[in-house]
Amino acid sequence: MSELWRLSAAELAGLVKTRNVSAREAALSALERLDAVNPKVNAVVAHRPELVLEQADNVDRAIARGEDPGPLAGVPVTTKINTDHAGFATTNGTRLQENLVAQTNSPAVDNLTKAGAVLLGRSNSPTFALRWFTSNQVHGRTLNPRNAKLTPGGSTGGGAAAVTAGIGQLALGTDIGGSLRYPAYACGVHGLRPTFGRVPAFNASSPERAIGAQLMSATGPIARTVQDLRLGLAALAAADLRDPWYMPMPLEGRAVPLHAAICLRPGGLQIAKEVEDALLDAARRLVDAGWTVEEIDDVPAIREAAQLQERLWLGDGFAALADMVASDGDPGAHSVVAAARLKVKDLPADVISRSLVRRTTLLRQWRLFLDQYAVVLMPVSSELPFPDDLDMQGAAGFDRVWEAQLTMRALPAMGLPGLAVTTQLVDGVPVGVQIVAAHFREDLCLLAGEAIEARGTPASPVDPDC
1 MSELWRLSAA ELAGLVKTRN VSAREAALSA LERLDAVNPK VNAVVAHRPE
51 LVLEQADNVD RAIARGEDPG PLAGVPVTTK INTDHAGFAT TNGTRLQENL
101 VAQTNSPAVD NLTKAGAVLL GRSNSPTFAL RWFTSNQVHG RTLNPRNAKL
151 TPGGSTGGGA AAVTAGIGQL ALGTDIGGSL RYPAYACGVH GLRPTFGRVP
201 AFNASSPERA IGAQLMSATG PIARTVQDLR LGLAALAAAD LRDPWYMPMP
251 LEGRAVPLHA AICLRPGGLQ IAKEVEDALL DAARRLVDAG WTVEEIDDVP
301 AIREAAQLQE RLWLGDGFAA LADMVASDGD PGAHSVVAAA RLKVKDLPAD
351 VISRSLVRRT TLLRQWRLFL DQYAVVLMPV SSELPFPDDL DMQGAAGFDR
401 VWEAQLTMRA LPAMGLPGLA VTTQLVDGVP VGVQIVAAHF REDLCLLAGE
451 AIEARGTPAS PVDPDC
């Protein structure tokens, strides 16, 4: 069977488990695709073909012994350069960590392996994962496979570009301010930020993160189908004692009425017509699928939540981050730090304590709000995907990007799940919607996402337009 790289993860795993296709055949197909298109997009920045084939052979041997290989049997998956993958450097896109070789896997990478996935290679990310654009001085620039003039998103830009170009069925990523959702949006695929505590995370190669980052970061999948996100989440969410924040919650919650809200302009956000059209179209698709949809004027305190995210992220350890960025010398990271410096210069000494207290209030407001709806539709970004490096085009460019990403910045402050679903192309440019649900109700995000996806054009792998 040729071009196995075109299949979904669910399709490929089914063929491997029934021995219609071997995991080695799937791995060889993935490696062939990587060799053919990765030089055009630079999505994968490190891989070792012999290790890929060794993993695939292990899956095939397990199946031959009559063992269950796992739900991702033989599925090629990329891992992000800010996540420990044993034997590879956790560079995080900085020259300061070029030689920081992980001795053990992070919990998420271990969970993928236990689920039968074949780890294909390392996907690119901006320096210190600081941007919604993907370039650094270690691995270079990643291009959007659909349009090289547009950002592939960030910080999981390499992962989204890989999935879009058919380099692996799934990509592992992280999200503290849109780093799973925005790359999926920019590349025209799907990305899930799970609830904080859903997927265990830990990098043994690095010091413990500041408390704000710990409370807001999430690890999750990017894929071309929503069904594959389900598979990826189920694999990633296995327990691991190394993460004290991990919560062993069921993947399926209680049944609720299929009642959705749609908020076009949360916090007064001004959105492009194409974004509004995509949201209204997604709402119509939900109605066609049997949902009721209620348009609402706003959601609770989303601008305050975004400010809270800034304070929890920047209020502790900013000076050390600024020093590392200065030492690395990456111009993109420097532009972020320069703009962030203005936001932190007047913060009180007890900013983290105050922010955590206020976070409790916002959590209460959002829990009560989300109890009224199964899901809420809102923009991923207020604009279509940005021209690459827009955040480096002076203060006006940076401020435009910062404002456009309001919803993605706000939701991590409450630890909420969010799903970016691609819906269509507008003159070749991807657009989509964001689906938000209550804590640990990723199942509702995915249910709505599947309904929207089923009534549109599937996201298929593309030959890079670069």
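Numbering-wise (UniProt numbering), the sequence shown opens with residue 1 and increments by one. Using N, Cα and C, we set each Cβ at its ideal position, and we do this for glycine too. The model shown is predicted, which means the values in this text are computed figures rather than measured ones.
Continuous alpha helix (DSSP H) stretch holding residue 333: start and end: 331-344
At least 3 beta-carbon pairs within less than 8 Å: the segment 247-264 vs the segment 290-303: Contact holds: three or more Cβ-Cβ distances are below 8 Å.
Backbone CA spacing between residue 384 and residue 57 [nearest angstrom]: Between residue 384 and residue 57, the C-alpha separation is close to 42 Å.
Residue burial classification, residue 297 (beta-carbon count within 10 angstroms, cutoff 16): exposed
Euclidean distance between Cα positions of residue 287 and residue 434: Whole-angstrom Cα-Cα distance: 17 Å.
Buried or exposed by the 16-neighbour rule on C-beta atoms within 10 Å, applied to residue 50: Exposed: under 16 other Cβ atoms inside 10 Å.
Sufficient close CB pairs (3 or more, under 8 Å) joining the segment 411-431 to the segment 353-368: yes
Three-state secondary structure assigned by DSSP to residue 37: helix
Given 8 Å, three or more beta-carbon pairs between the segment 141-156 and the segment 21-28: The segment 141-156 is not in contact with the segment 21-28.
Span separating the alpha-carbon of residue 217 from that of residue 242: Answer to the nearest angstrom: the Cα atoms are 16 Å apart.
Where residue 169 sits in the DSSP three-state scheme: coil
Where residue 430 falls, given that 16 or more other Cβ within 10 Å makes a residue buried: So residue 430 ends up on the buried side.
Start-to-end residues for the alpha helix (DSSP H) that takes in residue 232: 226-236
Check whether residue 468 and residue 168 have beta carbons under 8 Å apart: Past the boundaries of the shown model lies residue 468; the chain is included only from 1 to 466, so the question cannot be answered.
Helix, strand or coil at residue 247 [DSSP, three-state]: Shown here, residue 247 sits in coil according to DSSP, grouped into three states, outside any helix or strand.
Identified DSSP bridge partners for residue 300: DSSP lists no beta-bridge partner residue for residue 300.
Pair within 8 Å by beta-carbon distance, residue 182 and residue 153: yes
Rounded separation between residue 66 and residue 251 - CA only: 27 Å
Residue environment, residue 357, which counts as buried when at least 16 other CB atoms sit within 10 Å: exposed
Cβ neighbour criterion (16 or more within 10 Å) applied to residue 2: Exposed, since its Cβ has fewer than 16 Cβ neighbours within 10 Å.
Limits of the beta strand (DSSP E) - the one that residue 497 falls within: With the chain represented from 1 up to 466, any question about residue 497 goes unanswered, as that position is not in the structure.
Residues bridged to residue 415 [DSSP beta-bridge criterion]: Beta-bridge pairing links residue 415 to no other residue.
Cβ shell of residue 332 (< 8 Å), same chain only, five flanking positions each side left out: 126, 127, 130, 131, 133, 135, 136, 389, 391 and 392
Short Cβ contact (8 Å threshold) for residue 26 with residue 70: no
N- and C-terminal bounds of the alpha helix (DSSP H) containing residue 107: 107-114
Exposure of residue 99, with buried meaning 16 or more beta-carbon neighbours within 10 Å: Burial call: exposed.
Start and end residues, beta strand (DSSP E) containing residue 51: That residue, residue 51, is in no beta strand (DSSP E); its alpha helix (DSSP H) goes 49-64.
Where residue 171 falls, given that 16 or more other Cβ within 10 Å makes a residue buried: buried
Short Cβ contact (8 Å threshold) for residue 45 with residue 105: no
At least three beta-carbon pairs within less than 8 Å, the segment 394-411 to the segment 437-444: no
Cβ neighbours of residue 37 in the same chain (closer than 8 Å, five flanking residues each side left out): 145, 165, 166, 167, 463 and 464
Residues that DSSP places opposite residue 158 in a beta bridge: Answer is none; residue 158 lacks a bridge partner.
Close-in-space but distant-in-sequence residues of the same chain around residue 200 (CB under 6 Å, 5 per side omitted): Cβ within range, chain order: 107, 240, 243 and 246.
Boundaries (first-last residue) of the beta strand (DSSP E) holding residue 401: Note, residue 401: premise wrong, no beta strand (DSSP E); alpha helix (DSSP H) at 394-404.
Under the three-state DSSP convention, the category residue 206 falls into: coil
Beta-carbon separation (whole angstroms), residue 118 vs residue 77, contact threshold 8 Å: 7 Å
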